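Trainee: Those protein sequence lines, which keep their order, are chains A and B.
The C-terminal residue of the first sequence carries number 450 in this note's numbering, and the numbering is unbroken.
The C-terminal residue of the second sequence carries number 175 in this note's numbering, and the numbering is unbroken.
I'd like to ask you about the structure that follows.
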Amino acid sequence: MRKRAIPKSLVGLALCLAAITPSAWPQAEVFLEIRKGERFKVPIAIDDFIWQNLDPLVFQGRQRAEEILADDLHFSDAFIVVRHGTGDEIRSSLKLDMHGMPVDRPIQARVRGEIVRDGRQMRLTGTLVDEKSRETIFERRYEIGWDAERLEADRWGLHRFADEITFFLTGTRGCAATRIAFVRADDGSRELHLIDWDGLNETAATRLGNILLAPAWHPEGEALAFTSYHTGRPRLYAVELPGGDVRLLSDWDTPTAAAYRPDGKRIAFSTTRDENAEVYVARTNGSRAKRLTYHIGIDTAPSWSPSGKRIVFTSDRTGSPHLFTINADGTDLKQLTFVGQWNDSPDWSPTADRIVHVCRIDGEFELALIHADGRGWRRLTMGGGCENPRWGPDGRHIVFARMVAGRRGLWILDPDSGSLRRLTRSNRESYNPAWSRPARDRLSALKPGG
Amino acid sequence: MKRILPFVVLAISLAALLGGAGGCSKKATSSGTVSSPVSELPPEERQPVETPGERPGEPAPERSPLELQDVFFDLDKYNLKADAQASLAENARMLEEHPEARILIEGHCDERGTSEYNLALGDHRARTARDYLLRYGISAMRIETVSYGEERPFVTGHSEAAWVLNRRAHFVIQD
Numbered sequence: 001m002r003k004r005a006i007p008k009s010l011v012g013l014a015l016c017l018a019a020i021t022p023s024a025w026p027q028a029e030v031f032l033e034i035r036k037g038e039r040f041k042v043p044i045a046i047d048d049f050i051w052q053n054l055d056p057l058v059f060q061g062r063q064r065a066e067e068i069l070a071d072d073l074h075f076s077d078a079f080i081v082v083r084h085g086t087g088d089e090i091r092s093s094l095k096l097d098m099h100g101m102p103v104d105r106p107i108q109a110r111v112r113g114e115i116v117r118d119g120r121q122m123r124l125t126g127t128l129v130d131e132k133s134r135e136t137i138f139e140r141r142y143e144i145g146w147d148a149e150r151l152e153a154d155r156w157g158l159h160r161f162a163d164e165i166t167f168f169l170t171g172t173r174g175c176a177a178t179r180i181a182f183v184r185a186d187d188g189s190r191e192l193h194l195i196d197w198d199g200l201n202e203t204a205a206t207r208l209g210n211i212l213l214a215p216a217w218h219p220e221g222e223a224l225a226f227t228s229y230h231t232g233r234p235r236l237y238a239v240e241l242p243g244g245d246v247r248l249l250s251d252w253d254t255p256t257a258a259a260y261r262p263d264g265k266r267i268a269f270s271t272t273r274d275e276n277a278e279v280y281v282a283r284t285n286g287s288r289a290k291r292l293t294y295h296i297g298i299d300t301a302p303s304w305s306p307s308g309k310r311i312v313f314t315s316d317r318t319g320s321p322h323l324f325t326i327n328a329d330g331t332d333l334k335q336l337t338f339v340g341q342w343n344d345s346p347d348w349s350p351t352a353d354r355i356v357h358v359c360r361i362d363g364e365f366e367l368a369l370i371h372a373d374g375r376g377w378r379r380l381t382m383g384g385g386c387e388n389p390r391w392g393p394d395g396r397h398i399v400f401a402r403m404v405a406g407r408r409g410l411w412i413l414d415p416d417s418g419s420l421r422r423l424t425r426s427n428r429e430s431y432n433p434a435w436s437r438p439a440r441d442r443l444s445a446l447k448p449g450g
Numbered sequence: 001m002k003r004i005l006p007f008v009v010l011a012i013s014l015a016a017l018l019g020g021a022g023g024c025s026k027k028a029t030s031s032g033t034v035s036s037p038v039s040e041l042p043p044e045e046r047q048p049v050e051t052p053g054e055r056p057g058e059p060a061p062e063r064s065p066l067e068l069q070d071v072f073f074d075l076d077k078y079n080l081k082a083d084a085q086a087s088l089a090e091n092a093r094m095l096e097e098h099p100e101a102r103i104l105i106e107g108h109c110d111e112r113g114t115s116e117y118n119l120a121l122g123d124h125r126a127r128t129a130r131d132y133l134l135r136y137g138i139s140a141m142r143i144e145t146v147s148y149g150e151e152r153p154f155v156t157g158h159s160e161a162a163w164v165l166n167r168r169a170h171f172v173i174q175d
């Protein structure tokens, strides 16, 4: 395929994504107090797909191909999605209308898809076209898997296509081809589950029984670390993906809050082996653990900076839980938060600049942001019941658990636009989310111009 | 009568033999030696050790059944309040009265806060309760601790009435 330059009109739009427009979706559930600035969204059209040698397939979640793509682009909070052919806007646009969002701006780009059956293989050819010049911005092929048992097509290829569109038009990596792990409570036992970022395709990753908590993704997506009581005592384990083999990482006392270093070569976690919870760093097989913190209080919940050089963690050494940062070799300890009585569960943004955490304000647990240098603390939510915020790989969206009507479920928030959506719809409790990073092969595929 | 006299003597001898063996059995180690500090005294200083119920005609005093009280904590705290210390003192007294008992102390939290932090907080609560008993003289060999954080609430509910009961160190008597 001939390499094409991205049209200047779209580059300009991409640079405008931080501009200001009103908040949008879904207003009925919005409980945010966040600043009302919202990014400028790119109007983008999706043509109906062309099917060669086969009838249109039903995908996992009983969706059509165009619906999956439209949801992915809409959930990225970077686009106003318009369906071509009928001229109807999908529900995102209707919501925007309800709240005064202008949708009559000219369409900037158009998405086309052709799915071909070639023997047993099915392949999607996805094309992104500049609406004004009619030039092809990129064209890529994606394999479409088929589940013969459930008679459903795999959605992964469409998610990858959506991520590439997002990357080409915004310069920011999309989250569509990622999964979110979480703990689901079932009749007294907890198991690790996985779900696509659009809230569909939920699968169980463990069948261990008993208590399970605090999952953490290996950056390559090949394993999830977690704490489990399935042998009676809390221990740190990792489950291989795919496959489901479970191996012991640490049999020290009460190991929890695991976090892989971004290069995947070390793991931080807390353990009470020295009588009180301290943060350790070890190899990813649990060996050669080195103690990082030394205090009689609680030190836990480590999260790595993207460079892997610093760690933010929770400590109650000042009398109540606050966030601290420390070098990965245990030097240069600094207190990061001073606001509120209980700051906990930090997660360092992949863009390195911000740390999201929970903060107890007026007796309620809310989400808050703080810059990595300690400045710019900002409260994100009102209404309480928020837990375990975790950044998506785009550094823009945050998944977190929120208690509603006595039951925890997962939600996804874009703190800069105010967009908020519910991720899990199960009547079981869902909490302790962890957002995967794109695997390396997928990362390399996201480089523009290929 | 003369016929049964040898049997009576034999029965009394056997009873004395068995009674002596029974009196030593609690102190015998697995190797069969007597581990009581009494055995380390010079023979002339040794005095018969009286244990409850051994004196002829004296009934064994009834031990109260081993019941241990949970202790409760404030939100995000693991220090022992006065009522918690009183409960632990009573628990220690009960454990002294039941020297064979082994216990597991579970640390629990209410649902507020994160799972990871609460796991550490529950661990602190269990260890704080254990440390009180250790200072009281209860052997560390008899006590285990575990934290369940917020994962095993005693009371379901989302109000202070439930939370106050879930912030506890719970005592389990092990077999």
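Just so you know, even glycine gets a beta-carbon here, dropped at the ideal spot from N, CA and C.
For clarity, every value in this text was computed on a predicted model and none was experimentally measured.
In the DSSP output, which residue or residues are listed as bridge partners for H193/A?
Mentor: F182/A, A204/A
Trainee: Just list the residues that DSSP pairs H74/A with in beta bridges.
Mentor: Answer by DSSP bridge pairing: none, since H74/A is not bridged.
Trainee: So, does the CB of Y132/B fall closer than 8 Å to a CB anywhere in chain A?
Mentor: Contacts with chain A at 8 Å (Cβ-Cβ) do not include Y132/B.
Trainee: Looking at the C-beta of R233/A, does it have a partner C-beta in chain B at a distance below 8 Å?
Mentor: yes
Trainee: Could you confirm whether any beta carbon from chain A is found closer than 8 Å to the beta carbon of Y117/B?
Mentor: yes
Trainee: Using a beta-carbon distance cut-off of less than 8 Å, what residues from the segment 397–422 of chain A approach chain B?
Mentor: M403, G406
Trainee: Compare the C-beta of W342/A against all C-beta atoms of chain B and say whether one is closer than 8 Å.
Mentor: Output row for W342/A: interface = yes.
Trainee: Please work out which residues of its chain come closer than 8 Å, Cβ to Cβ, to A177/A, disregarding the five sequence neighbours upstream and downstream, and give them in chain order.
Mentor: W156, H159, R160, A162, D163, P438, R442
Trainee: Is the Cβ of T318/A closer than 8 Å to any Cβ of chain B?
Mentor: no
Trainee: Helix, strand or coil, according to DSSP, for L128/A in the structure here?
Mentor: It is a strand residue.
Trainee: Between A257/A and W304/A, is the Cβ-Cβ spacing less than 8 Å?
Mentor: no
Trainee: Hey, F171/B and L80/B are a contact pair by Cβ (cut 8 Å); roughly how many whole angstroms apart?
Mentor: Their Cβ separation, rounded to whole angstroms, is 14 Å, which puts F171/B and L80/B out of contact at 8 Å.
Trainee: What three-state label does DSSP hand V339/A in the structure shown?
Mentor: It is coil, neither helix nor strand.
Trainee: Could you check how far apart the C-beta atoms of L336/A and I326/A are, in whole angstroms? I think they sit under 8 Å.
Mentor: Contact flag wrong, Cβ pair sits at about 10 Å.
Trainee: Once DSSP output is grouped into helix, strand and coil, what is the label at Y132/B?
Mentor: Helix, per DSSP.
Trainee: Could you give the DSSP three-state label for N327/A: helix, strand or coil?
Mentor: strand
Trainee: Taking V358/A as the query, report the chain B residues whose CB atoms sit under 9 Å from its CB, ordered along the chain.
Mentor: The answer, in chain order, is G113, T114.
Trainee: Quick check on DSSP: helix, strand or coil for I44/A?
Mentor: In this structure, I44/A counts as strand in the three-state DSSP scheme.
Trainee: For a contact defined as C-beta to C-beta under 9 Å, what are the partners of L104/B on chain C?
Mentor: Considering every chain present, this structure includes no chain C. Its protein chains are A and B.
Trainee: Measuring only the C-alpha atoms, how far is G450/A from F138/A?
Mentor: Any answer about G450/A is weak, because its pLDDT of 29 lies below 50 and its placement is not dependable; what the coordinates show is given next. Distance between the alpha carbons of G450/A and F138/A is about 8 Å.
Trainee: Return the chain-ordered list of same chain residues with a C-beta closer than 6 Å to the C-beta of T203/A, the five sequence neighbours on each side being excluded.
Mentor: L194
Trainee: Kindly give me the distance between the Cβ atoms of C386/A and L367/A, rounded to whole angstroms, as I take these residues to be in contact under 8 Å.
Mentor: 5 Å
Trainee: Using Cβ-Cβ distances below 8 Å, what residues of the segment 120–150 of chain B are close to chain A?
Mentor: A120, L121, D123, H124, R127, V146, S147, Y148, G149
Trainee: Kindly indicate the opening and closing residues of the alpha helix (DSSP H) around G157/A.
Mentor: 156–170
Trainee: Closer than 7 Å between beta carbons: that is the criterion. Which residues of the segment 282–310 of chain A meet it against chain B?
Mentor: I298, T300, A301
Trainee: Compare the C-beta of D76/B with all C-beta atoms of chain A and state if any pair is closer than 8 Å.
Mentor: yes
Trainee: I want to see whether chain A comes within less than 8 Å of H108/B, judged by CB atoms only; does it?
Mentor: no
Trainee: Kindly list, in the order they appear in chain A, the residues whose Cβ is closer than 7 Å to that of H158/B.
Mentor: Those within 7 Å of H158/B in chain A are G406.
Trainee: Report buried or exposed for N276/A, applying the criterion of at least 16 other Cβ atoms within 10 angstroms of its Cβ.
Mentor: N276/A is buried by the Cβ-count criterion.
Trainee: Are the Cβ atoms of W411/A and R422/A separated by less than 8 Å?
Mentor: yes
Trainee: Using C-beta distances below 6 Å, list every residue in its chain close to A84/B, excluding the 5 sequence neighbours before and after it, in chain order.
Mentor: V71
Trainee: Roughly how many angstroms separate the alpha carbons of H322/A and V339/A, rounded to a whole number?
Mentor: 9 Å
Trainee: Given this structure, state the Cα-to-Cα distance separating V116/A from E131/A, to the nearest angstrom.
Mentor: 25 Å
Trainee: Show which residues of chain B have a CB atom less than 9 Å away from the CB atom of N388/A.
Mentor: T114, S115, E116
Trainee: Residues in its own chain within less than 8 Å of T351/A by CB, not counting five upstream and five downstream?
Mentor: Residues of the same chain with a CB within less than 8 Å of the CB of T351/A, apart from the 5 flanking positions on each side, are P306, G395 in chain order.
Trainee: Leaving out the 5 sequence neighbours to the left and right, which residues in its chain are closer than 6 Å to T284/A when beta-carbon positions are compared?
Mentor: I267
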